[in-house]
Every structure is written in structure tokens, then in C-alpha cells.
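Sequence lines, in order, name chains A and B. When the letters of the first sequence are read in order and numbered with numbering that gives the first Met the number 0, they come out as residues 0 to 521. When the letters of the second sequence are read in order and numbered with numbering that gives the first Met the number 0, they come out as residues 0 to 521. The beta-carbon is built from N, C-alpha and C at its ideal position, and this holds for glycine as well. Take a look at the structure below.
There are 2 protein chains.
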Amino acid sequence: MDDQVAAAPRSRRAGGREAKRAARSGRAVASVPYITRKIPYFEVLDEEGLATIERNADIILEEIGIEFRDDPEALEIWKAAGAEVTGERVRMPRGMCRQLIQANAPREFIQHARNPERNVVIGGKNTVFVPAYGSPFIRNLDDGRRYATIEDFRNFVKLAYLAPSLHHSGGTICEPVDLPVNKRHFDMVYSHVKYSDKPFMGSVTAPERAEDTIEIVKRLFGDDFTDAATGKPKTALISLINANSPMTFDATMLGAAKVYARANQACIVTPFILSGAMSPVTVAGTAAQTLAESMAGMAFIQLVNPGAPVVLGSFASSISMQSGAPTFGTPEPALVLYVMAALARRLGVPFRSGGGLCGSKIADAQAAFEAANTLLPTSLAGVNFVLHTAGWLEGGLSMGYEKFIMDVDQAGMMHTLLAGVDMSENGQAMDAIREVGPGKHFLGCAHTQANFETAFYRSPIADNNSFEQWDIEGRQDLAQRANTRWKKLLAEYEAPPLDPAIDESICDYINRRKASFPDSNI
Amino acid sequence: MDDQVAAAPRSRRAGGREAKRAARSGRAVASVPYITRKIPYFEVLDEEGLATIERNADIILEEIGIEFRDDPEALEIWKAAGAEVTGERVRMPRGMCRQLIQANAPREFIQHARNPERNVVIGGKNTVFVPAYGSPFIRNLDDGRRYATIEDFRNFVKLAYLAPSLHHSGGTICEPVDLPVNKRHFDMVYSHVKYSDKPFMGSVTAPERAEDTIEIVKRLFGDDFTDAATGKPKTALISLINANSPMTFDATMLGAAKVYARANQACIVTPFILSGAMSPVTVAGTAAQTLAESMAGMAFIQLVNPGAPVVLGSFASSISMQSGAPTFGTPEPALVLYVMAALARRLGVPFRSGGGLCGSKIADAQAAFEAANTLLPTSLAGVNFVLHTAGWLEGGLSMGYEKFIMDVDQAGMMHTLLAGVDMSENGQAMDAIREVGPGKHFLGCAHTQANFETAFYRSPIADNNSFEQWDIEGRQDLAQRANTRWKKLLAEYEAPPLDPAIDESICDYINRRKASFPDSNI
């Protein structure tokens, strides 16, 4: 395993801050760091409906309570704050969680990247597109479906770096199952550090792995890690803390959450819900339970470190009655998403949900319908942190190379959609209409000539040629064109510059840590 | 050609109204006749933006004007109404068109079907899903792409009849190019009459073909054709009157519009716009021009017959700079759609746009992304009459069998989406959450058992099985499953009952008319 890290440069420290600045200004991929929407949010429920769901969430927290399992410290923290603790069950007095969150948690926050031009603002009117997360398998047209490796992981980090529509490098883009379970976080975090300069996510599979992630980031940021104004660590990591729905948090997640919260790093508290299994089969029931669970987690984090950045997360899908398998891209999860986004705004915290979700095993029309039926609601609802934007296949079991390329294209379209309608004089185009007049065409007019290059979103993979041209060129489908594109992108990839001294320091840390305990797959 | 019609039953008249009622109550396909939305509209522009576009449309009508070509009667009508007519150019005083429409045109209207349970209300909060229209080619996995025939036409009428999510039989579902141009309207209209009991569209390719369509409908409805309350003909047809953008109407379309308007049949006035060719390359410019053109057409129809039902139509796409070909499913047409829907509501007329549009040649992921990126805006914007809901491929050049099945599935999902969130006690599901509690699952609880059957939209073609199951079953993609489904549906199809006497009367009319002039393909 060490050979991955040993490949890092070993050159001498080159001059600190100066060298860093020079490195940052090197060849960069063109993109905006994140989207700030100019169109309204879409909401499906009125004030009364939303207030009812909030009331139901409060009832869940007060009457039923949330279990905090195998973590006596968590129970002590709740007890000290005034919650009713019975065994591992914590019941929060009405309004307690909301009050803790609204009094302490930031409405929006900056997640810092090693390249400051890539810092993202999470919350408010902003949308950050992030690759998919967590698949043990990959799929592409060449290999079919197979277990993911660290090489796949690096490939996806590179592809995400090259994608102008993705603002983030993600986290466990796929599981590098060729590496031991207890050490693969080093190689994953290092890949994000090395092959991208976009912000990334932290390891959550054990508290000590969260600590490792923070140690690496400290070395990556150096003196910049501490915010000069506040004296607190900058938020340079965001991590995924899933609730074990219904109404349970486990020790692993609580442990990681505590590590990150104490270091002022951001946590996304997400109930992972397949409606019908982990929540009721209804939209309103699922929304109330999601809100209750996420509020409990976010309030807990505010008790651990008041002011630590938190994100309300919702991952809700339905299940197939026939197979019990999760289904995606259906209308019910979209309704949950619209409701949860509105609830997050009312609570005053950033919101994470959605992406290019699908249940299809391959990057076919099913995958595309399902992904579009998730990504459009994601964009219209106003999701701030869009985990699983690109690559997701098979309910998250596979990370698809071609699907990734397709989803990146779709995310690009969302940039244009969220920019809304240009109502400037040029946008109104009355001069063009006057110039052309009835029965003529606009192709050659001055306004068209001046605006054509930027007028329409251009997909790099859609085929808009004539039937005859497409026929001659080999009748390729979208997956085949996406296959060509990811290979071309990887072949042309150039890593963003990284100060060799920083690189060396990080590699030293990783190598020392790796050598300090034996490999294990438990 | 006559053999298609000669196949109609020749039995004696069986007893008029009684028989008709009995026939209507026969085995019917389960569906709601149309959707009435329970969620808000999504809009992208504020009052100021929409008012600016309305002002620009007024400027276009007053300063530039609209050409009404090769139709002296149309020019006389405009002159008599007070418009400024120069040559074939008609300039309407500020506000004239809006006033004519708002004073006369219905905000919503019923289109009658031969089965009254399938009547649709067009306008208001209602959405009517209609098959695609006008393709010369068909495509399926068995034949690839080939010219369409009347057998294809019948197949699609049958599939639309069997689709619970489609509310309408459409019009020229595909062009039966095996029939002579000047007679194929008989066979198309007869197919709608015979193989479906849903409402359908009229022929517009020549005024006399519009007359033929009305004659057939008169025989289909018999005494029911006249509304007893008003003494006027019921609206039993809706027809597509395209503007020849920019700012032009031609004699064919004006001729058909006059025939239908005088018979109180509905007209959809649609500027057909590929932005960059027939309109400026901007959203706001395209919207202003579309509004001006459609208002001119709708106002003209109100001058021909005040109160005749009209629909504001918008078909706007962008073009590829590389190939000049139309592109679909991109963000700019979606923005036009949201803007036009809001403008139609402000004007107070029903709105037609959208559907399952795509530029892809085949039913692949490109087709699905593009279709979903059109159908979701269609649904959220509040389109009332969704032409091209199902089957559209290749910018409308091909009607796809598998694509049709996929689009029908998507339209089904829109039913669920537009129904919104159930906020009843059962929808809130608090009893279920109380019953299950932390760490358990909801699969077996009473609430899940009571609601599971109807809780989630179920796709008949999506594969939600495990990877292993899907693998064993032959690794089919969505197109292959859709192929199986349309064949099964056609094999099981049963025609809705039609009074044999009515059938005979219609066939007599068609046969007599067909014999009265020679075949022609001009």
C-alpha cells in the first residue's frame, strides 16, 4: 500500500508561503468556485404544511426521543444540557434542539480549499456540486462492473478536478478495496490533496481516522490553518455523519462527529432513509422524522462545540415493494427533497441532499431519467451541498465512469438554469427583432453573431448532428461518447501544483502512521 | 388505402343513445381524465421581468407587425378591426390583441371525447398529456429507423389509449407515408375515432381537410355535437396552428384556423422557434417574440369567431452552433417555458408547450436526460396541453416505440408529483413513528401494511432488482424492457366499443370523399 504514498516527490522545502502562492497561480482548470442562484426556490408546501411537519418533529424529539448508542460521553453531554436521558434514549424538551442550532450554528460558512480560489460557501443561495460517495464497485464500458481500487479513486479525483461544473473533490468517491480497511483513509485523503486543489471531505469510519484527516489538513494548510481573525481553525473539511435511522446514532458516527466538531470542521448530519424501511411510507412522515433526527445530531454538535458548522442532510428514497431494493428518481423522494430544503431554510442551516441518484445498474435511459428527476429538484429546491452529483449508479453500489461524465454535463446545465433569465438590453434583444423582421432569419444578424458563442449551454457529449452524420460516425449512444471523453480527460490530466515541502511533510506523516500499526480489514 | 376503412364493421344501427351509453360503460382502461395540480407553479421571473416582456411583445405588434400571407380575407378582417395593414403586414395598436383575447377567449374549456368520461378540461390548474406529433419516421429496436406507416399510426393510437398517464390520443402521431398526402387525414382521424375513446386533434394541412375532420366528428357525436345550453357546437377537436416564425402566418395555417374557429373548435397558436434561427438567441427575446406572434394569432381567431377556444402555444428550442441542428433538454428552452407559462396565466388563456423532447436519435441516456429536462419544467411550469409527451426522438423526426413507453412512464410519475404532499393524519404517519420507535424498521408496521400498495409510484419498466437478479435475467437496459412492454400491450389491446351505426356512417363519409378526387402526394 505504501507505494502509493512513496510516489510523492521528496524534494527539499522550496520556500514556504512564496512557493505556495506561485504554485497556486499555476495552470488551473476554468470554473466558478460555486453557484449562487438567481432564480427563486421551488416549494411544494405552504406555511401550514411546513409548520405541521416542524411540530411533528418536535413531538418525535420530546415524546419518542433519539438513541445515542455506545457513547456514554454523548449521554452525559445531553444530560448536562437538560435533556431527559433514559438508558441510551435521549428525549429533548420541546424547542431545545432548534434553539441550540439557531443560537449557535452558522447559517452559511466557507469551506477552505488549498487553492483559495476554490473555497466554497456552503449555505444561503449557494450550490456546491460534489461527486458521488461510497461505492464499493466501479463500472465502465471496458471492464463492466468490478471492485474499485485506489487507481479508480485517483481517476475520479482527477476527473472531478477537471470538471468545471463540480466544485468539490468529494470524499470516499469509491472504496479502494485493494487497500486495507484500517489504512485506506490515508490514501484517499492523500489523493484529494495531491490530485486536486478543490475542497474535500474527511474520513468518518473511526474517530482516529478523523484525527488523521485533520492532521493531514493541518500540514496542507500550514500556518493558514488557523483563522487570524478568530484564532479558531479554518473549516477545511466537511464530513458525512449519517444517522442510523430510525432515530438512532451509533458510536462510530458520534465519535467522528465529535472529533470534527471540536476542530471546527463541518459535519453533515444525514438520516439515511429508505422510506418504508427506515421511515413511514409517506412524504410528510419521512420529512418529520428526517428533521427530528438531523436536528438532534446538529444540536448535539452545538453542545460539543458551539458554533461548529453543521449541515442538515436528507437522503430519502423509496423502496420497491417487489424486491425491497431502493428506487430513485421517483416523485416521492423529490417531494421529500422540496419539503426538507424549505425546512432547512426555516431552521437557518445549510442543506445537503440530492444529486444524480439512480437505481439503474448501467448508464442507460433508466439511469438518465432517474438522475435528471433527482438533479432538477435538487437545483430548484435550493440544495447547498449536492453530494452524489456525479457517478452514482445502482443505488450507490457502483461508481460509473460514463455516468460520471454524463452527470458532470448535467451539472453544467444547472449552472445555466440557476443563472436565470438575462433581462439586460442585450438579453431583451429588441434590436435583433427590429433588424430581422417578419419572414427572415436571425442566424446572420449582428446580435446573434455577438452572442452565439455564449448563448446556449453546450454539451461536450450530446450528439446534435443530423441522423445521417450520426449514422456515418458509428451510431454511438451517449455512454459510448462518455467513454471516449473520460479516457481523453484522464490522458490530458495535469495535476495542480503542490508545494513539494508540504507534499513531503504529508507523506512523512502518512508513512509514519501507516508503519505504526498492522494492516487490518476489520 | 381504402382497405383500412373498409375493415370497419358494417352492422346495422343498434339503438342510438342507449347503445352508445352501453358501449361507453364497457371495459375501459383505468385512468384519470386529466391532472389537476395541487402544487404551486414554478416561475423564474418577477413581476418586473414579466411586464418588460409583455411591453416588448406590444412593441413588436405595434412597430414591426405580423405578416398574414396569401390570405386577403385575413387582411380584411384585421383592417375592419382597426389594425394598420400595409401590404401583408399587419400592425396592431398597442393593447389591441390583448384586449381581443381577454374580452372573448375562454380561460379554460372542455374538449369533448366520444367517451364523456375522457373529456378533458384545458386550462386553469389542469394538465393534459398528449402523444408526440408529426414524425415522418418511426424507430424501434426491431426495425431501427424507417418511414412510418398507417399501421404504426394505429399502433401508437392503441398504445396511447392503453396508457393511463396519457389523457389524449393526439393528432398526427406519425406521418403515414404509405398513404397519399391528400387522403391520409381520413385514415388518421378514423384511427383516433376507432381505436381510442380519448379526445384527439384535427387535420390542419389544408382547410378542406379541416372540414373533413369536422364532418367526421359530427357523425361521431351525432345529436351530442351541439351543446343544448348554448346552441353552439361542442369543442370536440383541438388543432395545431403554427406561426411561421419570425412574425409570419401562412395561408394554410390561417385557412385551417378559420375553419376550426368558425366551428367553435379549439386552436393552439404556436410559434415554432429554434432560437438563433427564428428568434434571437436570448430567452427574453424569444419569449417576447413568441408572445407577440401567439397573441396575434389568438386575436385573429377572436375576430373570426369571438369566444372560440384558443391556446397560447410555445415551442422554443435552441440550435447547435456546430451543426445548426435543434438541441433539446438544455436549460435555455426550460427558462423560456417557465416564462411563457407565467405569461399565459397573466393573459388568461390555456398554455401549450413542452413534453418529452429530445435530440437524440435513439432511446439512450441522452434521450432520457433531454426528455426529463423538458418534462419536469413542463409539469412545474403548469403547461395545460402537453403535446409531444410521448415518443419524440431526433427533434421530432422519429417516433420511437420504446421512447413512447418510457415517456408514458415518466408522465405517470408527473401525476404523483403534481398531486403534492398528503398532509392528512395518515400522510403525517405519526402513529407509525410512535409504533416503531428507534432502531426498529417500518416494513411490518400497521401503517406500512395499510399504505404500501399505493405509497410509491411504480414504474412498469424500471429495473429495481438486485445486481445479481438483473445479471441473471439478461442484463437488459431500459430500451429492451420497453420493447417487451409495447409488444405485450399491443398483443393485449382491445378496442373501446364504438356504436356500429356511427362507425358505418363515418366510414361511408370517408369512402365517398376518398372516391371523389384522385390520390395525390402533393
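Within-9 Å CB hit, residue i to chain B
i: A:K217; result: no
i: A:W485; result: no
i: A:R170; result: Checking the sequence, you will find Gly at residue 170 of chain A rather than Arg. No, because no Cβ of chain B sits closer than 9 Å to the Cβ of A:G170.
i: A:D518; result: no
i: A:V435; result: yes
i: A:T377; result: no
i: A:A6; result: For A:A6, the predicted model reports a pLDDT of 33, less than 50, meaning its position is unreliable and no value from the coordinates is stated.
i: A:G403; result: The sequence given here places Phe at residue 403 of chain A; Gly does not occur at that position. Taking Cβ atoms only, chain B never reaches closer than 9 Å to A:F403, which makes this a no.
i: A:S317; result: yes
i: A:M69; result: The residue you asked about is not Met; residue 69 of chain A is Asp in the sequence shown. A:D69 does not count as touching chain B.
i: A:G123; result: no
i: A:E61; result: no
Contact test: residue i Cβ vs the ligand FAD heavy atom, cutoff 8 Å
i: B:P349; result: As presented, the structure is devoid of all ligands, the ligand FAD included, so that no description of it is given.
Beta carbon proximity, residue i to chain A, threshold 9 Å
i: B:Y456; result: yes
i: B:Q3; result: With a pLDDT of 34 at B:Q3, under the threshold of 50, the modelled position of this residue cannot be trusted; read the value that follows with caution. Chain A contact via Cβ: absent.
i: B:V407; result: no
i: B:G284; result: yes
i: B:H440; result: yes
i: B:M277; result: yes
i: B:S397; result: yes
i: B:R512; result: no
i: B:A478; result: yes
i: B:R20; result: Interpretation of B:R20 is limited by its pLDDT of 41, a score under 50 that renders its predicted location unreliable; the figure taken from the coordinates is listed afterwards. For B:R20, the answer is no, since every Cβ of chain A falls outside 9 Å of its Cβ.
i: B:L334; result: yes
i: B:W77; result: no
i: B:F368; result: yes
i: B:W469; result: yes
i: B:A205; result: no
Residues that DSSP places opposite residue i in a beta bridge
i: B:C506; result: In DSSP, B:C506 forms no bridge with anything.
i: A:G306; result: In DSSP, A:G306 forms no bridge with anything.
i: A:C266; result: A:S238, A:V309
i: B:F271; result: B:F314
i: B:E107; result: B:G122
i: B:P245; result: Answer is none; B:P245 lacks a bridge partner.
i: A:R351; result: A:G312, A:F384
i: A:S190; result: Answer is none; A:S190 lacks a bridge partner.
Endpoints, alpha helix (DSSP H) assigned at residue i
i: B:A205; result: It is not in any alpha helix (DSSP H) - B:A205 carries neither H nor E in the DSSP assignment.
i: A:Y400; result: 400-418
i: B:L44; result: That residue, B:L44, is in no alpha helix (DSSP H); it is neither H nor E in DSSP.
i: A:N139; result: Element bounds for A:N139: not the alpha helix (DSSP H) but the beta strand (DSSP E), 136-139.
i: B:A380; result: 364-380
i: A:R261; result: 250-261
i: B:F67; result: Element bounds for B:F67: not the alpha helix (DSSP H) but the beta strand (DSSP E), 65-67.
i: A:P332; result: 330-346
i: B:I76; result: 71-80
i: B:E424; result: 424-427
Inter-residue CB distance, residue i and residue j (contact presumed, cutoff 8 Å)
i: A:A260; j: A:I300; result: 5 Å
i: B:R90; j: B:K197; result: Their Cβ separation, rounded to whole angstroms, is 41 Å, which puts B:R90 and B:K197 out of contact at 8 Å.
i: A:I100; j: A:M297; result: 5 Å
i: B:E393; j: B:K360; result: 5 Å
i: A:V129; j: A:F327; result: With a Cβ gap of about 17 Å, A:V129 and A:F327 do not count as contacting.
i: B:A255; j: B:A295; result: 16 Å between Cβ atoms; not a contact.
i: B:T212; j: B:T251; result: About 15 Å separates the two Cβ atoms, so there is no contact after all.
i: B:E107; j: B:G122; result: 3 Å
i: A:L336; j: A:P376; result: 5 Å
Residue i - containing beta strand (DSSP E), residue span
i: B:E83; result: 83-85
i: A:Y146; result: 143-146
i: B:H167; result: B:H167 -> no beta strand (DSSP E), and no H or E assigned at all.
i: B:V89; result: 88-90
Any chain D beta carbon closer than 9 Å to residue i
i: A:E46; result: In the displayed structure, chain D is absent; the protein chains listed are A and B.
Practice task
At 4 residues or longer, and completely inside the segment 437-515 of chain B: list those alpha helix (DSSP H) runs for me, N to C.
Solution key: For the segment 437-515 of chain B, the full-length alpha helix (DSSP H) segments reaching 4 residues or more read 445-454, 466-471, 477-491, 499-514 along the chain.
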